[in-house]
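Input: a single structure, listed below in structure tokens.
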Amino acid sequence: MSPTTSSSTAYADAKSVELDDIPVIDLADLVAGTPGAVQAVASQIVEASQRIGFFYVKNHGIAPAVIDGASRAMRGYFALPAEVKARTPVNTSQRGWMATGMAKLEGSKTHDLKEIFFWGPEQWHPRLDARKGVDSLVAENTWPDESFPALRRDLLPYYDEIQRVGGKLLSAIAVGLGRGADFFEQRYTSPMARGQLVYYPVSTAKDESEERFGSAPHTDFGVLTLLLQDMNGGLQVRNRTGEWVAATPIPGTLVCNIGDLLNRWSNETLSSNLHRVINRSGNERHSIAIFFDPDPDAVVSPEDLGFPEGMEKYPPITVSDYIHGKNKKNFTQYQQGGKQA
Ligand SMILES: O=C(O)CCC(=O)C(=O)O
Ligand SMILES: [Fe+2]
9 MSPTTSSSTA YADAKSVELD DIPVIDLADL VAGTPGAVQA VASQIVEASQ RIGFFYVKNH
69 GIAPAVIDGA SRAMRGYFAL PAEVKARTPV NTSQRGWMAT GMAKLEGSKT HDLKEIFFWG
129 PEQWHPRLDA RKGVDSLVAE NTWPDESFPA LRRDLLPYYD EIQRVGGKLL SAIAVGLGRG
189 ADFFEQRYTS PMARGQLVYY PVSTAKDESE ERFGSAPHTD FGVLTLLLQD MNGGLQVRNR
249 TGEWVAATPI PGTLVCNIGD LLNRWSNETL SSNLHRVINR SGNERHSIAI FFDPDPDAVV
309 SPEDLGFPEG MEKYPPITVS DYIHGKNKKN FTQYQQGGKQ A
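Numbering (the working numbering), first residue to last: 9 to 349.
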């Protein structure tokens with residue numbers, strides 16, 4: 009415990025980020041398609057992904073107007089009265105509005121403070137349309153079009169751009185792991201890419217006394233997460249020596265992290281690291297997390313990523329089976345017989 013912190017708040021202490029804990033990687037050459045850029049970025053991403061599983065990216069090429077539009081729509085949406093947001097309640101396809109209290113992460117003491125709006129792809133590849141209603145994560149979005157049409161309108165351009173950046177990052181990761189640059193592309197023909205708008209109220213003294221987080225310590229379930237955080241701070245990442253470091257907001261950057269599926273796919277070479285959020289800024293905090301995950305029917309097998317038979321630590325599993333299994337353990341709408349869309 010640090011000497012400046014009282015014992016009731018020490019559960020969420022973190023030191024400030026050191027630049028070499030979470031590096032800032034410049035994507036300008038990768039985005040421009042400069043020859044050799046993939047290799048140069050690949051080694052930086054793989055180094056950070058092995059060591060801490062987190063990195064920032066700058067010069068990602070997403071226009072500020074697109075980011076501002078999505079951020080503004082998110083703020084407007086969360087400011088709506090709860091009864092309006094509750095008209096599109098979260099379902100077991102992980103679409104819609106989740107009130108505070110409904111996320112209790114695996115192994116945590118108490119529920120999270122966060123409130124979420126979930127969405128996913130607007131269209132699916134025809135081969136997946138037949139899985140609607142069978143595979144609960146292959147679903148339609150539930151937008152609040154009547155009460156707040158700006159959400160769909162201003163979020164989707166950002167969502168498209170994030171997927172473009174995500175594709176570039178994955179091509180670099182594939183090269184960094186000794187595969188072809190299109191290794192992931194073939195498994196992202198109709199990616200599951202789920203999105204979350206997240207709202208964190210200010211933590212109160214009562215929250216602190218009950219050791220409640222905005223988001224309790226967890227690892228992400230998928231392959232690669234791309235996060236836009238506002239300037240309030242509050243995201244913390246556990247480093248290799250077990251210390252929590254603050255992932256301080258850096259203007260113009262996205263925070264990227266490796267999820268459990270890529271940890272598994274890479275035979276535990278890339279680290280899916282613990283992180284958590286506590287909002288002590290005194291302001292409401294907002295973030296947009298997009299989990300850039302493969303086709304639901306893609307098979308995740310370490311052997312395909314180059315780990316020879318007999319060396320793999322995990323058997324093959326489909327993306328859908330894996331993510332669905334994790335959702336069931338982490339969100340109450342699955343435990344209360346929630347309605348499937
Ligand atoms: O809001 C953040 O800063 C992080 C959110 C997060 O970790 C998540 O949604 O998985
Ligand atoms: Fe996360």
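We treat Cβ as the ideally placed atom computed from N, Cα and C, and that holds for glycine.
At which residues does the alpha helix (DSSP H) containing residue 72 begin and terminate? For residue 72, the uninterrupted alpha helix (DSSP H) segment begins and ends at 72-86.
Closer than 8 Å to a non-hydrogen atom of ligand 2 - does that hold for the CB of residue 87? no
Among the candidates 18, 33 and 337, whose CA atom is the shortest distance from the CA of residue 176? Ranking 18, 33 and 337 by Cα distance to residue 176 puts 33 first.
Between residue 17 and the rest of its own chain, which residues show a CB-CB distance below 6 Å, the 5 nearest in sequence each way excluded? 216
In whole angstroms, what separates the C-alpha of residue 166 from that of residue 75? Roughly 6 Å between the two C-alpha positions.
From the DSSP output, read off the bridge partner residues of residue 208. 293
Name the residue from 186, 101, 210 and 144 whose alpha carbon lies nearest to the alpha carbon of residue 222. 210
Considering only heavy atoms of ligand 1, does any lie closer than 8 Å to the CB of residue 253? Residue 253 has its CB no nearer than 8 Å to any heavy atom of ligand 1.
Any heavy atom of ligand 2 closer than 8 Å to the beta-carbon of residue 223? yes
Got a sec: does ligand 1 put a non-hydrogen atom nearer than 8 Å to the Cβ of residue 297? yes
Alpha-carbon spacing of residue 65 relative to residue 171, whole angstroms: In a straight line, the C-alpha of residue 65 is about 14 Å away from that of residue 171.
Using the Cβ count rule (16 or more neighbours within 10 Å means buried), how would you classify residue 130? The residue in question, residue 130, is exposed, as its Cβ has fewer than 16 Cβ neighbours within 10 Å.
Could you pull the start and end residues of the beta strand (DSSP E) that residue 234 belongs to? 232-237
Who are the near neighbours of residue 283 in its chain, counting only those whose CB is closer than 6 Å to its CB and skipping five residues on each side? 245
Candidates 313, 220, 163 and 186: closest to residue 108 by CA position: With respect to the C-alpha of residue 108, the residue from 313, 220, 163 and 186 having the closest C-alpha is 220.
When DSSP labels each residue in this structure, what does residue 392 get in the three-state scheme? Residue 392 lies beyond the range of the chain shown here (9 to 349); nothing can be said about it.
Shorter than 8 Å, the distance from the beta carbon of residue 6 to the closest heavy atom of ligand 1, or not? With the chain covering only 9 through 349, there is no way to say anything about residue 6.
Residue 123 - DSSP class collapsed to helix/strand/coil: Note: residue 123 maps to strand in three-state DSSP.
For residue 53: DSSP bridge partner residues: The partner list for residue 53 (beta bridge, DSSP) is empty, contrary to what the question assumes.
Quick check: what's the CA-CA separation for residue 162 versus residue 275? 38 Å
For residue 33, name the three-state secondary structure that DSSP assigns. Residue 33: strand per DSSP, three-state reduction.
Is it the case that the Cβ atoms of residue 277 and residue 304 are separated by a distance below 9 Å? Going by C-beta atoms, residue 277 is not nearer than 9 Å to residue 304.
Would DSSP call residue 134 helix, strand or coil? helix
With residue 232 and residue 314 assumed to form a contact (beta carbons below 8 Å), what rounded beta-carbon distance in angstroms separates them? That pair is no contact at about 18 Å.
Considering only DSSP beta bridges, list what residue 323 is partnered with. According to DSSP, residue 323 bridges with nothing at all.
Residue 267: which of 228, 288, 103 and 308 sits nearest, CA to CA? 228
My output table needs one value for residue 282: the three-state DSSP class, helix, strand or coil. coil
So, under 8 Å CB-CB, residue 203 and residue 127 are touching, yes? Tell me the CB distance rounded to an integer number of Å. 5 Å
Label residue 321 either buried or exposed according to how many other C-beta atoms from any shown protein chain fall within 10 Å of its C-beta, with 16 as the threshold for buried. exposed
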